[in-house]
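Worksheet for the structure shown next.
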Amino acid sequence: MMESNADSLNEQPVFAAELFPHRSLGRRGFKVLLALSGAICFLYGMFFVATGAWPIGFFFGLDFVLLYGAFWLSYRSGKAREEVTVSRTDVSVRKFTPSGRMVEHHFNPFWARFLVRRHHEIGILSMHIFGEGRRTDIGSFLNPDDRESFAKAFKGALATVKQRI
Numbered sequence: 003m004m005e006s007n008a009d010s011l012n013e014q015p016v017f018a019a020e021l022f023p024h025r026s027l028g029r030r031g032f033k034v035l036l037a038l039s040g041a042i043c044f045l046y047g048m049f050f051v052a053t054g055a056w057p058i059g060f061f062f063g064l065d066f067v068l069l070y071g072a073f074w075l076s077y078r079s080g081k082a083r084e085e086v087t088v089s090r091t092d093v094s095v096r097k098f099t100p101s102g103r104m105v106e107h108h109f110n111p112f113w114a115r116f117l118v119r120r121h122h123e124i125g126i127l128s129m130h131i132f133g134e135g136r137r138t139d140i141g142s143f144l145n146p147d148d149r150e151s152f153a154k155a156f157k158g159a160l161a162t163v164k165q166r167i
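Note that the numbering used here has the sequence shown beginning at 3, numbered continuously upward.
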């Protein structure tokens, strides 16, 4: 009985984080932007159609459709996320694509290494976890400030787990 209690303590996460891309324009702002740009494109398009320059009106409609498509793709990519957990027995990285597909990577915390590539002006360029011949990137969609705070917290969690032998 004592051994199962120790096993459950080893499985308790020391660190858990859910990473997701930041979107500066919320849903309400997106609707307002589309309504304003749609109204402007429609008004100018109708003006050019009424004056006989109908190809220009067509391009205003095309501009609006392309703007909508670009924002739709941006919000779709914003559905990607990563769940990172560190326990005494496992480092787990679960990556979810915008379509909902999940890929999971597991590393032994005592063999796992955390590699951070930095640029002296920009900050962290990329973060990777590797060990036992496997490697995965992590937080590639984060902004520089979020990368810094995640790297500091994750590195601290790995160090904590490795100290408790």
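Note that CB positions come from ideal geometry on N, CA and C, so glycine has one too. Note that the structure is predicted; figures quoted are calculated from it, not measured.
Point to revise | Where A18 falls, given that 16 or more other Cβ within 10 Å makes a residue buried | key: Here A18 is exposed. Its C-beta has fewer than 16 other C-beta atoms within 10 Å.
Practice item. Please classify M129: is it buried, with 16 or more other beta-carbons within 10 angstroms of its beta-carbon, or exposed? Key: M129 is buried by the Cβ-count criterion.
**Study point:** Segment limits, alpha helix (DSSP H) that includes A37
**Key:** It spans R29 to A52 - the alpha helix (DSSP H) in which A37 sits, taken as one unbroken run.
Check your understanding: Is G71 helix, strand or coil when you go by DSSP?
Key -> In the structure shown, G71 falls within a helical segment according to DSSP collapsed to helix, strand and coil.
**Study point:** Residues bridged to A108 (per DSSP)
**Key:** In the sequence as presented, Ala is not what sits at residue 108; that position holds His. Paired residues: S94.
Review point. What's the call for K33, buried or exposed, on a 16-neighbour Cβ count within 10 Å?
Key: K33 comes out exposed.
Practice item. Assign F49 to one of two classes, buried (16 or more other C-beta atoms within 10 Å of its C-beta) or exposed (fewer than that). Key: Label assigned to F49: exposed.
Check your understanding: For S79 versus V86, is the C-beta spacing smaller than 9 Å?
Key -> No, the pair does not count as a contact, with Cβ atoms beyond the cut-off.
Practice item. Rounded to whole angstroms, what's the CA-CA distance from P57 to A37? Just pull it up for me. Key: Going by the C-alpha atoms only, they are around 23 Å apart.
**Study point:** Which of helix, strand or coil DSSP assigns to R120
**Key:** Correct three-state label for R120: strand.
Check your understanding: Measuring CB to CB, does H107 end up less than 9 Å from R136?
Key -> Contact: yes.
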